[in-house]
Amino acid sequence: MGKHYQLIRLAGLATHLLALAIFSNYSLAAVFTLDFEQGDLRGWQQTGNAFHFQPVLDDNPTARGRGQPSRHQGRYWIGTYEKYQGRDQKPGAIQGDEPTGTLTSANFKIPGGSLNFLIGGGGHYQTRVELLIIDPIEGAIRVLYATGHNHETMQRTRWDLSKYAGKTGRIRIVDEAAGSWGHINADDFRFSAPLELARKPPLIIVPKILDIQNRPPITSSDFVTVPRVLDHKLDDAINILRNRDLLPGSIDKRQDKQPANTVLFQNPAPGMEVKPESRIDLVIAIPKRVSVPGLIGRTILQARDVLKEFDLALGKIGQQATESELPGHIVRQRPEEGRMAIVGAEVDVAVAVQPPVAVPRLIEKQKDQAEEILAEHRLRLGSVRSNISDEEPGTIVDQTPEPGSQVRAGSSVHIVVARPEMVEVPPLVGLPRDEAAGRIQASRLRLGHVAERPSSKPNNTVIRQEPTTDTPIPVGSLINLVVSHPQLVHVPDLIGRPVDDASGLLEQAQLALGEIERVASEQAEGRILSQEPGPGAEAPVNTRVDVTVAILAPIVVPSLIGLTEEQAMHVLKEHKLLLGQHREQQSSEEQGTVIAQTPAPGIQVAQYAQVDLTIATARNNLLPVIAASALVLLVSASAYATVRFRGKRKSAAKLRAEVRLKPTADPGKSHVDPANGLDKGMDIRLRPVSDVGRQAVRTDTKIIEEDTEHD
């Protein structure tokens, strides 16, 4: 049992030693640089070839004439386009956009607060800085990322880490692009809260393996955890170690930008398990010193660039009046050239300025004179404002600084010049001249030159104004007008032309057709007999020309009754009439003579109207026979009607029969002799009608009611 127990203890001891070795390696890898100022990529793991020549030294984009300074922090930074580390490369050397790869930091515990850093380069997703969360199941999960903006100059970006606080994370710089702007710039990662490296659970370590059989089992209570003293002052760090039963070990010094006596490095690393009273080696910062360069004779811009190369900064900028040095150039510096100064220290300078000069009096002078006067006093004209004033426009009424003030040469003198009260020009176009003049006076302006111009507008109408409407001008300014006067044109000759052509001819002459009077005339109907204004007269544009137009005189239709057709045609021709329809009608009048006419004699008609004639023809002798036959038929029809209604006791009724007869010659009288006689109580009445080509005889039969006893 004892032997097995010892074997188990030996196996456990070996396991703890292996864990110690692994943990030690892990902890060292977990120390990674945040600003790359050591000139290497300590604590970062790279893939691909994009980061082979990183970090970059100084402002390499400016060295290669890019015109876009990197604006990095310190001296070293990440820029995958660049290839300059101050070794065998030349300033301005590049590796281009083709290399790709990633640069990943060691794991760390994400603190609360925020992370801010500088970023530039490509503005697409393939060139980015990202924050990864390490999940035990899902692995690395990207939760935040930022890209450049297609510019070499880096800008600061801030991430809020509060929602990820306490989780294990890592930073990864990615360059996955090989085309245009296929590179990434990054520098100066800053956490607002202390950063703790991610560590594994405490390990139980047996410091020695001798005398295992005679020692009790080793437990975690025999060790203490190394506290984090990085970024602490040395005195504070020693107190922290002693409070944990630890002792300071060797203390090395290294020039650094951190404040003096700040702990830069500790070994063992924070989180390690060590025996009480173990010694912790420390590396503390001491100020880095450089020789101050000479700035005398340089401009402020040149001085900033020189100081930046020496990790120094420009401090206060003063002035020193002198006429022996060029204004704007440095004539004094502190610390002086060659003195040693801490990195980051400020160098104060004074630049040459001209001795002060007295400001001349400009009031009551004209603005044009001010520039010349100021130039003589080594001053220049500043802003020029204006105020409403009764002084002549352009006269200086105030100045700043006041006359006699002492200012340095080259200073600006601001002036105020007089300007009159302004009013807007009223709209005048289209108004009569007198009304326009009234509006000008009401606007506190004056009527200027008035010109005339031919126009189609009514006489003395304003057709143009200067200045134009709504233009602000000084009170009392002149307004020039152009008014219309009639534009005369020649009236065309319309006499003898058809009235339908008059409108077109007048429109071509810029005239219009006026009233049209129609009078009877021997001229062709529709022809123009006269005009007003007359042909060739001068008249204003758009004048209306009145015309008199011929119409045919009315003709009184003569009587043609009794004339032969030939005679009638002759009479119609004399009266400027035409023969219309010609028809014949049987008549007792002389054959071939006119027995009727339409229109009737005495009616007024237009010239060349048509007159219809009716000509007499010989009568037909069969007409009496036809008339007699018609009467016989009529009587027979009446008798039939009487027999049909006999024996009925009714009121008397009327019966009308109509017989249509073929027209025949009418001898003038007719005789009816019915063959069967007339029934008792039947009357026959005849009514003459006009002969229009057919004859009708109408009879009215009166039926008298009788008693049946008489039948």
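Using our numbering, read the sequence shown as starting at 3 and increasing by one per residue. Cβ atoms here follow ideal geometry from the backbone N, Cα and C, with glycine treated the same way. Remember, it's a predicted structure, so these values are computed and weren't measured experimentally.
Checklist entry - Would DSSP call R244 helix, strand or coil? => result Three-state result, R244: helix.
Checklist entry - Is it the case that the Cβ atoms of S413 and P403 are separated by a distance below 9 Å? => result Between S413 and P403, the C-beta spacing is below 9 Å.
Checklist entry - Alpha carbon to alpha carbon, what distance is there between A148 and R174? => result The alpha-carbon of R174 is positioned some 11 Å away from that of A148.
Checklist entry - What did DSSP end up calling Q371 once you bin it into helix, strand or coil? => result Secondary structure of Q371 (DSSP, three-state): helix.
Next on the checklist: What residue range does the alpha helix (DSSP H) around K277 cover?
Outcome noted: Going by DSSP, K277 is part of no alpha helix (DSSP H) at all; its letter is neither H nor E.
Next on the checklist: For W161 and L133, which I take to be in contact (beta-carbon distance under 8 Å), what is that distance rounded to the nearest angstrom?
Outcome noted: That pair is a contact at about 7 Å.
Next on the checklist: Mapping the DSSP letters down to three states, classify P143 as helix, strand or coil.
Outcome noted: One detail in the question is off: residue 143 reads as Ile in this sequence, not Pro. Per DSSP, reduced to three states, the secondary structure at I143 is strand.
Next on the checklist: Please report the distance separating the alpha-carbon of P542 from that of Q512.
Outcome noted: Just so you know, the alpha carbons of P542 and Q512 end up roughly 9 Å apart.
Checklist entry - Since P63 and L43 are thought to touch, with beta carbons under 8 Å apart, how far apart are those beta carbons, to the nearest angstrom? => result Between P63 and L43 a beta carbon distance of about 20 Å is seen, past the 8 Å cut, so the two are scored as non-contacting.
Item to check | Close-in-space but distant-in-sequence residues of the same chain around L12 (CB under 6 Å, 5 per side omitted) | outcome: Reliability fails at L12, whose pLDDT of 47 lies under 50, so the model's placement of it is uncertain and no value is given.
Item to check | Member of A262, T600, E348, V333 whose CA lies at the smallest distance from the CA of Q583 | outcome: Nearest C-alpha to Q583: T600.
Checklist entry - If you run the structure through DSSP and keep just helix, strand and coil, what is P429? => result Coil, per DSSP.
Checklist entry - Who are the Cβ neighbours of F53 in its own chain at under 6 Å, not counting the five residues just before and after it? => result Only G103, L105 meet the Cβ criterion.
Checklist entry - How long is the line joining the alpha carbons of H451 and G516, rounded to whole angstroms? => result Straight-line Cα distance between these residues: approximately 37 Å.
Item to check | Cβ pair count under 8 Å reaching 3, the region 335-351 against the region 275-295 | outcome: Because the criterion of three Cβ pairs below 8 Å is met, the region 335-351 and the region 275-295 touch.
Next on the checklist: Is the beta carbon of D190 closer than 9 Å to that of Q75?
Outcome noted: Closer than 9 Å, so yes.
Next on the checklist: Measuring alpha carbon to alpha carbon, tell me which residue in E378, E348, R144 is nearest G317.
Outcome noted: The shortest Cα separation from G317 among E378, E348, R144 belongs to E348.
Checklist entry - How about R499 and R455: are their beta carbons less than 9 Å apart? => result R499 is not a Cβ neighbour of R455, given a cutoff of 9 Å.
Checklist entry - Could you give the distance in angstroms between the alpha-carbon of D502 and the alpha-carbon of A453? => result Each residue's Cα considered, the two are about 40 Å apart.
Checklist entry - Where does Q606 land, buried or exposed, given buried means 16+ other C-beta within 10 angstroms? => result Exposed, since its Cβ has fewer than 16 Cβ neighbours within 10 Å.
Checklist entry - The beta strand (DSSP E) with R300 in it runs from where to where? => result Element bounds for R300: n/a, residue is neither H nor E.
Item to check | Distance CB(E327)-CB(A354) smaller than 9 Å | outcome: With a cutoff of 9 Å on beta-carbon distance, E327 and A354 are scored as near each other.
Item to check | Cβ neighbours of A558 in the same chain (closer than 7 Å, five flanking residues each side left out) | outcome: The sequence as given places Val at residue 558; Ala does not occur at that position. Shown here for V558: same chain residues with a beta carbon closer than 7 Å to its own, the five before and five after excluded, namely G604, Q606 in chain order.
Item to check | Secondary structure, alpha helix (DSSP H): runs of 4+ residues fully inside the region 462-546 | outcome: Scanning the region 462-546 for uninterrupted alpha helix (DSSP H) segments of 4 residues or longer gives 504-510, listed from N- to C-terminal end.
Item to check | Enclosing beta strand (DSSP E) for I344 [first to last residue] | outcome: Where I344 is concerned, the enclosing beta strand (DSSP E) stretches over 342-344.
Checklist entry - If you count every other CB in all the chains shown that lies within 10 Å of the CB of T471, and 16 or more means buried, which is it? => result The residue in question, T471, is exposed, as its Cβ has fewer than 16 Cβ neighbours within 10 Å.
Checklist entry - Does the beta-carbon distance from L449 to L480 come in below 9 Å? => result A contact, by the Cβ cut-off of 9 Å.
Next on the checklist: If contacts are defined as beta-carbon pairs under 8 Å, then R184 and G124 qualify, I think. What distance do you get, rounded to the angstrom?
Outcome noted: At residue 184 the sequence reads Gly, which differs from the Arg that was named. Confirmed, about 6 Å.
Item to check | Selected residue, minimal CA-CA separation from T616, among R73, A377, Y610, S589 | outcome: Across the set R73, A377, Y610, S589, the C-alpha of S589 shows the shortest separation from the C-alpha of T616.
Checklist entry - In angstroms, rounded to a whole number, what distance separates the CA positions of L580 and L574? => result C-alpha separation (whole angstroms): 6 Å.
Checklist entry - Between the C-alpha atoms of I497 and H577, what's the straight-line distance to the nearest angstrom? => result Within the model, the alpha-carbon separation for I497 versus H577 is close to 27 Å.
Checklist entry - Quick one: Cα of T129 to Cα of T227, how far? => result In a straight line, the C-alpha of T129 is about 40 Å away from that of T227.
Item to check | Where R174 falls: helix, strand or coil (DSSP) | outcome: If DSSP states are grouped into helix, strand and coil, R174 belongs with the strands.
Checklist entry - Since V427 contacts T463 with CB under 8 Å, what's their CB separation in whole angstroms? => result That pair is no contact at about 18 Å.
Checklist entry - By DSSP, does R306 sit in helix, in strand, or in coil? => result Three-state result, R306: helix.
Next on the checklist: Between which two residues does the alpha helix (DSSP H) holding T2 run?
Outcome noted: The requested residue 2 is not part of the displayed model; the chain covers only 3 to 713.
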